[in-house]
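Enquirer:
Protein chains: 4
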Amino acid sequence: MSFDLDISDPYFAKAVALRQSFAAGAIAHDKAGGRPTEQLKLLKQSGLLTILIPREFGGQGQKWSKALRIAREFAKVDGSLGHLYGYHFGSVHSAHVNGSPEQAADLYRRSAEGNWFWGNARNSFSKTLFGKRDGDWYVLDGFKPFTSGSHVADYLQISWLDPTGEDYSFAAIPADRQGVTIHDDWDGIGQRQTGSGKVSFANVRVHESELLDRKSNAGKPFQSIGVLQQQSTLLNVFVGSAQGALIAARDYTREKSRPWIYSGVEKHTDDPWVKRTYGDLVIKTQAATLLADRALDALDEAWERGFDLTDEERGEAAIKVAAANAFAGETALEVTAKIFEVMGARSAVTANGFDRFWRNVRIHTLHNPAEYKTRNVGTWFLEGAHPEPGIFQ
Amino acid sequence: MSFDLDISDPYFAKAVALRQSFAAGAIAHDKAGGRPTEQLKLLKQSGLLTILIPREFGGQGQKWSKALRIAREFAKVDGSLGHLYGYHFGSVHSAHVNGSPEQAADLYRRSAEGNWFWGNARNSFSKTLFGKRDGDWYVLDGFKPFTSGSHVADYLQISWLDPTGEDYSFAAIPADRQGVTIHDDWDGIGQRQTGSGKVSFANVRVHESELLDRKSNAGKPFQSIGVLQQQSTLLNVFVGSAQGALIAARDYTREKSRPWIYSGVEKHTDDPWVKRTYGDLVIKTQAATLLADRALDALDEAWERGFDLTDEERGEAAIKVAAANAFAGETALEVTAKIFEVMGARSAVTANGFDRFWRNVRIHTLHNPAEYKTRNVGTWFLEGAHPEPGIFQ
Amino acid sequence: MSFDLDISDPYFAKAVALRQSFAAGAIAHDKAGGRPTEQLKLLKQSGLLTILIPREFGGQGQKWSKALRIAREFAKVDGSLGHLYGYHFGSVHSAHVNGSPEQAADLYRRSAEGNWFWGNARNSFSKTLFGKRDGDWYVLDGFKPFTSGSHVADYLQISWLDPTGEDYSFAAIPADRQGVTIHDDWDGIGQRQTGSGKVSFANVRVHESELLDRKSNAGKPFQSIGVLQQQSTLLNVFVGSAQGALIAARDYTREKSRPWIYSGVEKHTDDPWVKRTYGDLVIKTQAATLLADRALDALDEAWERGFDLTDEERGEAAIKVAAANAFAGETALEVTAKIFEVMGARSAVTANGFDRFWRNVRIHTLHNPAEYKTRNVGTWFLEGAHPEPGIFQ
Amino acid sequence: MSFDLDISDPYFAKAVALRQSFAAGAIAHDKAGGRPTEQLKLLKQSGLLTILIPREFGGQGQKWSKALRIAREFAKVDGSLGHLYGYHFGSVHSAHVNGSPEQAADLYRRSAEGNWFWGNARNSFSKTLFGKRDGDWYVLDGFKPFTSGSHVADYLQISWLDPTGEDYSFAAIPADRQGVTIHDDWDGIGQRQTGSGKVSFANVRVHESELLDRKSNAGKPFQSIGVLQQQSTLLNVFVGSAQGALIAARDYTREKSRPWIYSGVEKHTDDPWVKRTYGDLVIKTQAATLLADRALDALDEAWERGFDLTDEERGEAAIKVAAANAFAGETALEVTAKIFEVMGARSAVTANGFDRFWRNVRIHTLHNPAEYKTRNVGTWFLEGAHPEPGIFQ
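Protein chains in written order, with my numbering: chain A, 384 to 776; chain B, 384 to 776; chain C, 384 to 776; chain D, 384 to 776.
#1: Would C/R402 pass as an interface residue toward chain B - the criterion being a Cβ-Cβ separation below 8 Å?
#2: Report all residues from its chain with a CB closer than 8 Å to the CB of D/V760; omit the five preceding and five following residues, and keep chain order.
#3: Cβ of B/G462 within 8 Å of Cβ of B/R455?
#4: Taking 8 Å as the cut-off, decide whether the C-beta atoms of A/H412 and A/Q626 are in contact.
#5: Quick test of the definition: if touching needs 3 or more C-beta pairs under 8 Å, does the segment 570–585 of chain D touch the segment 737–756 of chain D?
#6: Taking the alpha carbon of B/E496 as the point to measure from, which residue in B/W656, B/G441, B/V718 and B/S552 has its own alpha carbon closest?
#7: Within a Cβ cutoff of 7 Å, which residues of the same chain sit near D/W763, ignoring the five residues on either side of it in sequence?
#8: Taking a Cβ distance cut-off of 9 Å, strictly less, list which residues of the segment 532–557 of chain D are near chain B, in chain order.
#9: By alpha-carbon positions, which one of A/G773, A/R493, A/A632 and A/G444 ends up nearest to A/E687?
#10: Using CA coordinates, which residue listed in D/S615, D/G773 and D/G502 is at the minimum distance from D/D567?
#11: Distance cutoff 8 Å, beta carbons only. Does D/P655 sit that close to anything in chain A?
#12: Could you tell me which of B/A678, B/L594, B/V725 and B/T757 sits nearest to B/E713, measuring between CA atoms?
#13: Using C-beta distances below 6 Å, list every residue in its chain close to B/E591, excluding the 5 sequence neighbours before and after it, in chain order.
#14: Closer than 8 Å by beta-carbon distance: list the chain B residues that pair up with D/D663, in chain order.
#15: With a threshold of 8 Å between beta carbons, is D/K603 in contact with chain C?
#16: Comparing C-alpha positions only, which one of B/S531, B/A407 and B/S509 sits nearest to B/E549?
#17: Taking CB distances under 8 Å as the criterion, tell me whether C/Y468 reaches chain A.
#18: Please confirm if C/D634 has its CB atom under 8 Å from at least one CB of chain A.
#19: Between which two residues does the beta strand (DSSP E) harbouring D/R588 extend?
#20: When the Cα of B/R560 is compared with those of B/S552, B/D545, B/V582 and B/T547, which residue comes out closest?
#21: Sort A/S474, A/I541 and A/A487 by Cα distance to A/P437 and report the nearest one.
#22: Pull up the DSSP beta-bridge partners for C/W352, would you.
#23: By the three-class DSSP mapping on this structure, what secondary structure does C/D517 have?
#24: Apply the 10 Å Cβ neighbour rule to D/A681 and answer buried if 16 or more other Cβ atoms are within range, or exposed otherwise.
#25: Quick one: grab the DSSP three-state call for B/G430.
#26: If we ignore side chains and look at the alpha-carbon of each, how far apart do D/A711 and B/A685 end up?
#27: So, A/K667 versus A/E699, is the Cβ gap smaller than 8 Å?
#28: Determine the direct distance from the alpha carbon of C/R729 to that of C/D387, and round the result to whole angstroms.
#29: Please list, in chain order, the chain D residues whose beta carbon lies closer than 9 Å to that of C/N759.
#30: Sort A/H479, A/I453, A/L523 and A/W543 by Cα distance to A/S599 and report the nearest one.
#31: Could you check if C/R697 is buried or exposed, using at least 16 other CB atoms within 10 Å of its CB as the buried criterion?
#32: When you check each C-beta in the segment 667–685 of chain D against every C-beta of chain C, which residues fall closer than 7 Å?
#33: Considering only their Cβ atoms, is the gap separating D/F405 from D/F457 smaller than 8 Å?
#34: Taking the alpha-carbon positions, what's the D/Y470 to D/T511 distance?
#35: Does chain C have any CB closer than 8 Å to the CB of D/L765?
#36: Looking at the strands, I want to know which residues DSSP matches up with C/G780.
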């Protein structure tokens, strides 16, 4: 009826089937937290982990918008899966963006062959992991917080600071590299299977050939496109959460909700209040979806431009992503909170799991405050200026 | 920078030029009310009054979405012009939708040749105009309220009730038909040059050949498409008003606003509050624009389907129009009220005319309550049902 | 600094001390659900369970406003305790309102002596418990949902339907009456220690002397004052939750939050966004508090009027309670959701327990939709009419 | 039914009678702008201009809260009158606060005897009026903007800068002092009879005995209490405007509004949407009223403390005024915009004058941005700090 992917596309058909599988355990997985082992197995079987890898390297050469619409689809029932799936691709492409063409080719090929799932330990907000040079090697000690996907990863994108604490280095390494301990200690109020806890490093050796040193296209705007991809994952998880919450609430409302004692109607859905509330939330979610689609188009275009991407083009895409992100977050917060009002008191028991939508969105929106994204859009409108590329914009 | 029409399209180029002309007198015209004589002259010279008439009858065969984007463009500076321009086309096409093919051909041809501007006296909410049969003629007595465009019309679309007050008849007649008095007595708080006042009829004779009797395609969903066109005019006037208010406010803010005494900034646009407020309003206006664009696409498709349009297709278009309308109205109300906060106290003098945006939107949104449009979207989402075609949906 | 009870009042001093005790385990208790055994012990020791019982029967003869301000105080850290404490008094007074003076005296006296905690199984929305007459006894079979406080109650207020399902009977019985099974199976997303689960009745015998038959003052408005007391408990739990959430968030913000990376400030609380957000939430919570205080005054007055209370007076109090309830619920929902934005991403881990505020308010506000309370206020303003006394108004 | 002053108080009885008189011409006066000559005559006859002057000097020694509740009452129908009446007292008391006891006594006495109306030309935001010393005189040249009440004033409170542009001087002078030209050129979008235009000074001589030199209690917090009085006038005009708009809308809705075509109800007030909308606006307006009342209590207390007022006490009062002001402004904006939705399209003609409420509030709220008042409340909550006394806080 709405918010449906077009399943004449074979990738979307797979995504919809997977979403249906994920739905079954979503409430239990939210309660349990930890590792989405089962779901990851299904994901690997589906072949959807490699769809953005160029065909020449064994992938399917699809667009970013396709991958992130799939992340959105997963988030309809399980925000963690949406998050992990979207972030995965940021790491898959890290060598393409920040390494040499040879590194990119090699990692694309091995990732496709191995059907790898990528996690990351590259949060560059925290100054807690340091590496020092030792011949052709770097030796890493410390830890990283917020390492989404690390707990089920085959391969990791990582970053560390040099001993002076000034310069960041980036690399891609196997998740089982000696000295790496993945704590799987995430305990957020939502997004509970994202494994966004701690990874610690004790005398971990990284060879200089594993370094993604940004040299081949140093300083080009395209090198910071990963930020836009991350932000786009976030916003599509918001959109999917809002859509999924609405769908779940509608089904409950139709099947189980009873008309309010003073409503004078026989069917709960005949109450003007119920109609209006759903109408309002649906309209806002449609608006969020359109803004998200516009941002995905911008992301596809930016990606196609590759290293020719200009500052101006990167900036315009960043503004579209920021606008979509801020609006999607606000909408998803409102939708996931309000659905209870039109489902009624009996809906709010833990067995129904409806509160996971709000908890997922609430925690996930904190990773880049809407306030600052909104200011960026304002500055752009007032001055024509784009945000300086950085770790959140 | 944004909200700009693509002026590589020649129709849009003309529209932008006209909008610039209209801007000059917009504040004075709002104050004066009455007839947009000057603007209508420019509009006729531009050729934009005939663009939806099929080429075979002397028009340019453009799409509805083009006409209503132009209405939106006019509304950036003058809501009345947007309103009149959009409604004009509803009347131009009345014979096509509700008359015979011969009537349609005839009226298209004469309208194109005469470069007519159409007004209407067909509001069917008020039971105040009656007609009785007299041989091949109908004789009309009474009046019609809310007759937008009548005060400057060449031709009028009209409706009346039979003596029993049960059945409506429709016709198209010259605005100077004997017995017709156009009072030009509109005195709304906004949309002040729309001439939405009273037209009275004293012994007015309408020949049966002028009757648009709905017979040739009786009962087909396409016959109620005019409602969607009207609603689309409204919503694009809201969108244009929001866009125009933002642009006008931005220019004032940049050029004249002073930083608040406790802001600690030297330039008003450096105040985080100012950035955020603009950002928030811009994001919402972009969302409204995307919903409006989606609805215009639906309207184009529905129009192209013609009398093959199904109930289902008509219903889906109606829901898209309803969603866009409700969201655009809310957004425009918020934008047009809030701009003052970031312009400052000195902006709110009548000479600046900024309050006309709010007054225009405030009155224009009352013609079809967002509450009911929102309920329609809710019912559609909950039950899959479309609103029954009627005079507002 | 604000939202503080005046501890020169000895009852408030005790309440504040208890609130501090409750704070320590509040997060763990929310996680565990089940019975607030420990807290109830402290509550009994404090003497606060008897403060509304008239002095002549062994109580302290305090006002309702005092009891419900204490409920509000508890809700600052533990919504369940606020809920249980407020509801307790509704049951303590059930015989006073609906029984004979002798029953009231007897139950007041025994309740004070025994330092009883009262729960209830009298939800009259569900038609699931039936009783039939057997000589001087009623024999009850079936169950009651939403039996708040039953899991730790000494005494229960109950209600059942006669075999025709038309008339309700009310009584007060010991919680350990033979045949009563308290399932303690509540599993709401919030208010997790309220024990609002199921109580089942198998061949439970209630003597006619235990019946609160409403005869002594049949039909008087005072007999429905219990509804206003219940609604007042709800709204003060909302207010207390909002206050408590703000206080907890403020402490976290001051002690742990870091300035946002693009803020340009050194201290998070110097960010204009943080100031504004707190300011806005504080102002709304103050407004909610004032409306709640006004409603408490009305409740005190209504209680003092006793069986002389007129329809008009009852109606005016009901409107004040409705207004306070609707506003407090909306405010508490907004506050408990938004605090995260100004605390930051690290605040949202389960160990901090901040999400319990939102979950508590979200579920608790569902028990009487703001929509209908708001309509009641509207009808009163438009027509001067009061809501017909009923189980929620 | 609500929002009514208690007319058992003789001052309030007069105020209510005056409000009824003002109502008759309010729409015409809004349209005309200019001078409220007629209303001022009635005001003088009522004796309400002297009620805050101590009894010993010929006044009635009433409280500030009384005067500002009267301002609120006037604002129910005419925002300009509320504004002028409240501001008047700030000037009446200027000598008390900033002059010597002898000056205060003298001006109180003469003001009471002459039944003066005070205006002001003391806006200290604009550096446009300068004075230089000439013996015992100051000679003033330049102008002042925003000189509310000057156009009908008997006496004026004024301020000017010394030639260096650093120090402000204050004085009270007759409005017809030679060289003073009152332009009466105010043309705001609202508050149209406040005369908030320009006063120019050409070689105006002010004697040093007219100087209010702040010396007698130099540096005491009480010297900045005038700011709180001004802000309190503003906020009570907002509250009165919201109340008055609701009352006017209710009357229209009951008498003239027709049910919406798809509502299914026979009476417009039976539409759940209409009930809810009024209920919501009434609840918010009641909350605004309670916050305003709390701030008035604080103002009375601060005034009674006189020159003993401490920084802490002044600060606490300032926070209460700020909270009330921000909330009242937001509420009044929402109320005055939304009433149209439940009155319907026909209500929005200029003859009904309903839009004056919004225009009044919109312009009046710009004189001290809610953003900054809200930040002040946030800082107070976060840090316990009060705003530094200044011209707007």
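The C-beta atom is built at its ideal place from N, Cα and C for all residues, glycine as well.
Expert: Reading off the structure:
#1: No, no contact with chain B.
#2: I702, A705, A706 and A709
#3: It is not a contact, given that the beta carbons lie outside the stated cut-off.
#4: no
#5: yes
#6: B/G441
#7: I702 and H769
#8: none
#9: A/G444
#10: D/G502
#11: yes
#12: B/T757
#13: D519
#14: Chain-ordered listing is empty here: chain B has no CB closer than 8 Å to the CB of D/D663, the nearest sitting near 13 Å.
#15: no
#16: B/S509
#17: no
#18: no
#19: V582 to H590
#20: B/V582
#21: A/A487
#22: Because chain C here runs from 384 to 776, residue 352 of chain C falls outside it and cannot be looked at.
#23: strand
#24: buried
#25: coil
#26: 47 Å
#27: no
#28: 28 Å
#29: Chain D residues near C/N759: K658 and G662.
#30: A/H479
#31: buried
#32: Q669, A670, L673, L674 and R677
#33: yes
#34: 21 Å
#35: yes
#36: Given that chain C is displayed from residue 384 to residue 776, the structure contains no residue 780 of chain C and the question cannot be resolved.
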